[in-house]
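Peer 1: Dropping the structure in here first, questions after.
Numbering (the numbering used here), first residue to last: 1 to 157.
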């Protein structure tokens with residue numbers, strides 16, 4: 001009999017742990033909201049054409065590519081020796097690597113609906129493939145604020 005398990009590098013959170021985590025994250029969210037940060041949510045996956053080339057060659061190799069639905073092999077030479085070229089033919093979507101590219105795509109796509117400067121919290125959640133040692137919490141602002149760092153900004157909050 002196979003013992004039930006989860007993928008290496010991941011973990012489950014008990015109800016007690018989730019209550020504690022949710023309390024902390026809600027506290028962080030309330031501080032952001034109090035200072036007029038506007039939350040948005042982008043999908044975990046983006047069109048691969050949006051993601052490719054934004055993280056450099058090494059970053060492109062690290063992207064998780066998602067196979068097209070249906071018969072993705074139809075009309076594709078599966079003997080293609082280059083995995084990169086083959087992937088571009090059978091994959092149109094990929095998991096985002098961080099929140100920067102999806103945020104930029106969102107702003108371009110919705111620029112007529114956004115009031116600038118537009119600032120949103122950026123509490124990055126690591127992809128589920130990696131056991132999170134820590135979470136990053138930053139901000140994205142367009143147009144970028146002149147002078148100062150995120151640390152300076154958060155000190156003022």
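Ideal Cβ positions, reconstructed from N, Cα and C, are used throughout, including at glycine.
(1) Do residue 141 and residue 119 count as a contact pair if the criterion is CB distance below 7 Å?
(2) Using only the alpha-carbon positions, how far apart do residue 48 and residue 27 sit?
(3) Our contact map puts residue 45 next to residue 94 with C-beta atoms below 8 Å; I'd like the distance itself, whole angstroms only.
(4) Check this for me: beta carbons of residue 42 and residue 106, under 7 Å apart or not?
(5) Please find out if some non-hydrogen atom of the ligand MN comes closer than 6 Å to the beta-carbon of residue 100.
(6) So, with DSSP's three-state summary, where would you put residue 119?
(7) Going by DSSP, which residues form a beta bridge with residue 46?
(8) By Cβ distance below 6 Å, which residues in the same chain neighbour residue 60 in space, the five residues on each side in sequence not counted?
(9) Return yes when the Cβ of residue 37 is within less than 7 Å of the Cβ of residue 121, no when it is not.
(10) Distance, Cα to Cα, residue 25 vs residue 19?
(11) Give me whichever residues DSSP pairs with residue 114 in a beta bridge.
(12) Report the rounded CA-to-CA distance for residue 96 versus residue 109, giving the unit in angstroms.
Peer 2: The relevant details are as follows:
(1) yes
(2) 34 Å
(3) 6 Å
(4) yes
(5) Summarising the ligand content, the structure contains no ligands, and the ligand MN is consequently not present.
(6) strand
(7) 94
(8) 52
(9) yes
(10) 10 Å
(11) DSSP output for residue 114 lists no bridge partner at all.
(12) 17 Å
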